Amino acid sequence: NALMDLGNMDKALENHRKDLELAQQSKLTYSKSRALDNIGRVYARIGKFQQAIKVWEEKIPLIQGGLEKAWLFHEIGRCYLELKRYVKARDYGIHSLSAADDIDDAKWQLNASVLVAQAELKLGNYKSSVLHFEKALDQAKLLQDNDARDAIQK
């Protein structure tokens with residue numbers, strides 16, 4: 167991850183692929199999940215959203231908890247949004263929101279609500295979009311996240 171933070175995406179991807187290969191050879195589920203997570207992050211960071219989706223969808227059966235589920239579904243949904251595949255973006259946003267609701271995580275409820283609202287807006291489902299933006303705004307206020315609140319109100 168340090169290589170990714172330094173902007174050396176090729177080397178980061180190479181290292182994470184080696185990590186994945188070793189995890190698969192050793193049948194280490196946690197390590198495989200971590201490697202898939204990191205590979206997906208690199209792909210998303212460099213704008214290769216379809217590759218990120220493919221890797222992260224392989225990770226879905228390895229999810230260990232509600233927080234990871236909320237995060238992963240959100241990230242996949244954001245990639246679909248970037249690819250202008252709004253129905254898939256909305257569907258993954260709804261899955262993320264459901265996972266966030268299950269663990270009562272206000273930050274992920276906020277993130278997922280914004281994703282669903284953006285997808286619904288692009289689909290022309292204005293009433294649903296407004297409802298999800300309002301839910302996100304409530305969460306931003308609850309979290310005292312002024313940056314999120316201001317962005318939602320624009």
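For the sequence shown, position 29 (counting from the first letter as 1) is numbered 195 according to the working numbering, and the numbering increases by one without interruption. No residue lacks a Cβ here, since even glycine has one placed at the ideal position from N, Cα and C. Given the structure is predicted, the values throughout are model-derived calculations rather than measurements.
By the criterion of a C-beta distance shorter than 8 Å, Leu202 is surrounded in its chain by Leu186, Val221, Trp222, Glu224, Lys225 and Leu228, once the five residues flanking it on both sides are discounted.
Annotation note: the stretch 184 to 263 contains the following uninterrupted alpha helix (DSSP H) runs of length 4 or greater, listed N- to C-terminal: 195 to 211, 215 to 225 and 232 to 248. Annotation: Ser295 to Lys273 spans about 19 Å, alpha carbon to alpha carbon.
Annotated as distal: Gly259 and Leu287, with beta-carbon spacing of 8 Å or more. Taken through DSSP and simplified to helix, strand or coil, Ile318 comes out as helix. Distance from the CA atom of Ala314 to the CA atom of His240, rounded to whole angstroms, is 16 Å. Within 10 angstroms of the beta-carbon of Lys184 lie fewer than 16 other beta-carbons, which makes it exposed. Put simply, of Leu238, His298 and Leu233 the residue whose alpha carbon is nearest the alpha carbon of Ala218 is Leu238. The shortest CA-to-CA distance from Cys245 to any of Ser264, Arg207 and Leu303 is the one to Arg207. Within the model, the alpha-carbon separation for Asn181 versus Leu188 is close to 11 Å. Contact check for Leu247 against Ala285 passes: the beta carbons are separated by less than 8 Å. Asp268 is positioned such that its CB atom lies no closer than 8 Å to that of Gly213.
For Gln275, the secondary structure class from DSSP, reduced to helix, strand or coil, is helix. Taking Gly290 as reference, the option from Val253, Gln310, Asp304 and Leu263 with the minimal CA-CA separation is Val253. Per the coordinates, the alpha-carbon of Lys177 lies some 40 Å from the alpha-carbon of Lys307.
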